[in-house]
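Have a look at the structure below before the remarks.
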Amino acid sequence: MDENGLPSQEILRQLQDLLKEETGFNSGRIMGSMCTSPHLFAQRVYRKYVDKNLGDPGLFPATAQLETEVVRSLGSLLSNPSAVGNIVTGGTEANLLALWACVRSHSDRRESEVLVPSSVHCSFEKIADLLGLRLVKVKLNEHFQVDVAEVRRKITSRTLALIGIAGTTGLGVLDPIYELSQLAQQNNLYLHVDAAFGGFVLPFLNGTPPFDFRLPGVSSITIDPHKMGLAPIPAGGILFRDRKLHRKLTWTVPYLSGGETSQTTFVGSRSGASVIAVWAMLKHFGKAGYRKIVGRCMKLTMELAREIDEIPELAVVVRPTINVIGVKSNGPDLVKIVQSLREMQWAVALFPRYMRIVIMPHVHKEHLNQFVQDLRQVVVDVN
Ligand SMILES: Cc1ncc(COP(=O)(O)O)c(C=O)c1O
Numbered sequence: 014m015d016e017n018g019l020p021s022q023e024i025l026r027q028l029q030d031l032l033k034e035e036t037g038f039n040s041g042r043i044m045g046s047m048c049t050s051p052h053l054f055a056q057r058v059y060r061k062y063v064d065k066n067l068g069d070p071g072l073f074p075a076t077a078q079l080e081t082e083v084v085r086s087l088g089s090l091l092s093n094p095s096a097v098g099n100i101v102t103g104g105t106e107a108n109l110l111a112l113w114a115c116v117r118s119h120s121d122r123r124e125s126e127v128l129v130p131s132s133v134h135c136s137f138e139k140i141a142d143l144l145g146l147r148l149v150k151v152k153l154n155e156h157f158q159v160d161v162a163e164v165r166r167k168i169t170s171r172t173l174a175l176i177g178i179a180g181t182t183g184l185g186v187l188d189p190i191y192e193l194s195q196l197a198q199q200n201n202l203y204l205h206v207d208a209a210f211g212g213f214v215l216p217f218l219n220g221t222p223p224f225d226f227r228l229p230g231v232s233s234i235t236i237d238p239h240k241m242g243l244a245p246i247p248a249g250g251i252l253f254r255d256r257k258l259h260r261k262l263t264w265t266v267p268y269l270s271g272g273e274t275s276q277t278t279f280v281g282s283r284s285g286a287s288v289i290a291v292w293a294m295l296k297h298f299g300k301a302g303y304r305k306i307v308g309r310c311m312k313l314t315m316e317l318a319r320e321i322d323e324i325p326e327l328a329v330v331v332r333p334t335i336n337v338i339g340v341k342s343n344g345p346d347l348v349k350i351v352q353s354l355r356e357m358q359w360a361v362a363l364f365p366r367y368m369r370i371v372i373m374p375h376v377h378k379e380h381l382n383q384f385v386q387d388l389r390q391v392v393v394d395v396n
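Numbered according to this note's numbering, the sequence shown spans residues 14 to 396.
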């Protein structure tokens, strides 16, 4: 830090220069991210209430009340209006809170294994390390869902919890949560559903099999407004089926200006503006608004999947369930394809055996047309 400060205009000029190389969502060239530019109304609301701190709910009781309402709304979207929980920093913290509550509700520490699909998000590696748990990875079936027979075989006296994913990070697949719920009930196990991405997509599609609190074995669900909810980062969501579980996360903080309080999140100070922006988004869109956004993304997703299957050297890994497409190569080096696309300023995600494309609301038809044209060219060049 320099001794003397600079005028704001000068700093803004410097920032513009320093950040100019970064690709913006509005360019339409970010095709591999699960986030997007927050809705303009959410940005306005966020800016207006940027000083609210939910680490001190006694000081911001009305903001705390809005969080309760948001959690109730997300709960009813996931078939349980009496769900309890918090808006947190993201899917990682939400998944952490789920397993932390699970650990704290088990006195028997021999139970330390968590059965996860091998498609699980890498946040679980961090969480297992923090909580001293062992992840037991379960292979996938031919539809890239967790293999339920294998989960059943791997349940032992050391098993603490099962994880199912509603919209996997790589391919957007929905695990057989109904069967996992049955296994959880039969074996008296905790089942957490990671719907960080799919939570704002699957409820708005026709014919989605039940994956939420309708299934009695589901104890908690992650659902992130800062992904398909179009809310500003940080806004993840953790919902627990009942208060008993959520209470396991209660930590007393005695010194705050709003008076002694209890926190149920990992972080202390946290953005009230995030919560208020999510509240505003849910009110602004309603279910019909989100259904429309998801419908548009899905239409483009299916169009892109068809276009990709028409390129002989490429194929879609699995028919998309949600707005996530995995693309594999039938020959040309996929790493080179991704490198070339990145050199052309296309931001796509690379997984070990496929490239991931996510059709977020910032992607429009003209972007897709350009992308397909460039992809075809790159495949020819690389081959
Ligand atoms: C299924 C799933 N869970 C959790 C996460 C982690 O979310 P965050 O990056 O908000 O912590 C992601 C991120 O993409 C995800 O896809």
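Yeah, the Cβ is synthetic: ideal placement off N, Cα and C, and Gly gets one too.
{"query": "Which of helix, strand or coil does DSSP assign to S50?", "result": "coil"}
{"query": "Taking the alpha helix (DSSP H) that P229 falls in, what are its first and last residues?", "result": "Where P229 is concerned, there is no enclosing alpha helix (DSSP H), given that its DSSP letter is neither H nor E."}
{"query": "Kindly indicate which three-state DSSP category N108 falls into: helix, strand or coil?", "result": "helix"}
{"query": "Within 6 Å: the Cβ of M47 and any heavy atom of ligand 1?", "result": "yes"}
{"query": "Please name the residue, chosen from L327, K150, M14, F38, that lies closest to Q390 on a Cα-to-Cα basis.", "result": "L327"}
{"query": "Assuming T278 and N66 are in contact, meaning their beta carbons sit under 8 Å apart, how far apart are those beta carbons, in whole angstroms?", "result": "No, T278 and N66 are not in contact; Cβ-Cβ is about 12 Å, not under 8 Å."}
{"query": "Can you list the beta strand (DSSP E) stretches of 3 or more residues lying completely in the segment 122-154, in chain order?", "result": "126-130, 147-151"}
{"query": "Taking the alpha helix (DSSP H) that Y203 belongs to, which residues open and close that run?", "result": "First-last for Y203: 203-207, but that is the beta strand (DSSP E), not the alpha helix (DSSP H)."}
{"query": "In chain order, which beta strand (DSSP E) runs of at least 3 residues are fully inside the segment 326-362?", "result": "327-329, 337-342"}
{"query": "Does the distance from the CB of L204 to the CB of L175 come in under 7 Å?", "result": "yes"}
{"query": "Locate the alpha helix (DSSP H) running through S89, then write down its first and last residues.", "result": "74-90"}
{"query": "Please classify V158: is it buried, with 16 or more other beta-carbons within 10 angstroms of its beta-carbon, or exposed?", "result": "The sequence shown places Gln at residue 158, not Val. That one is buried."}
{"query": "Does DSSP classify V307 as helix, strand or coil?", "result": "helix"}
{"query": "Would a C-beta distance cut-off of 7 Å place T7 and I251 closer than the cut-off?", "result": "Since the first residue of the chain shown is 14 and the last is 396, residue 7 is not available in this structure."}
{"query": "Quick check on the DSSP output: what are the complete beta strand (DSSP E) runs of length 3 or more inside the segment 227-269, in order along the chain?", "result": "231-235, 249-253, 264-266"}
{"query": "Based on Cα-Cα distance, which residue from Q383, V214, K349 lies nearest to G302?", "result": "V214"}
{"query": "Leaving aside the five residues before and after V116 along the sequence, list all residues of the same chain whose C-beta is less than 6 Å from its C-beta, in chain order.", "result": "L144"}
{"query": "One question on the structure: do G45 and V330 come within less than 7 Å of each other, judged by their Cβ atoms?", "result": "no"}
{"query": "Here's the rule I'm using: 16 or more other beta-carbon atoms within 10 Å means buried, otherwise exposed. How should E35 be labelled?", "result": "exposed"}
{"query": "With 16 as the cutoff for other CB atoms within 10 Å, does A162 come out buried or exposed?", "result": "exposed"}
{"query": "For T172, which three-state DSSP category applies?", "result": "strand"}
{"query": "Grab the span of the beta strand (DSSP E) containing I370 for me, first residue to last.", "result": "368-371"}
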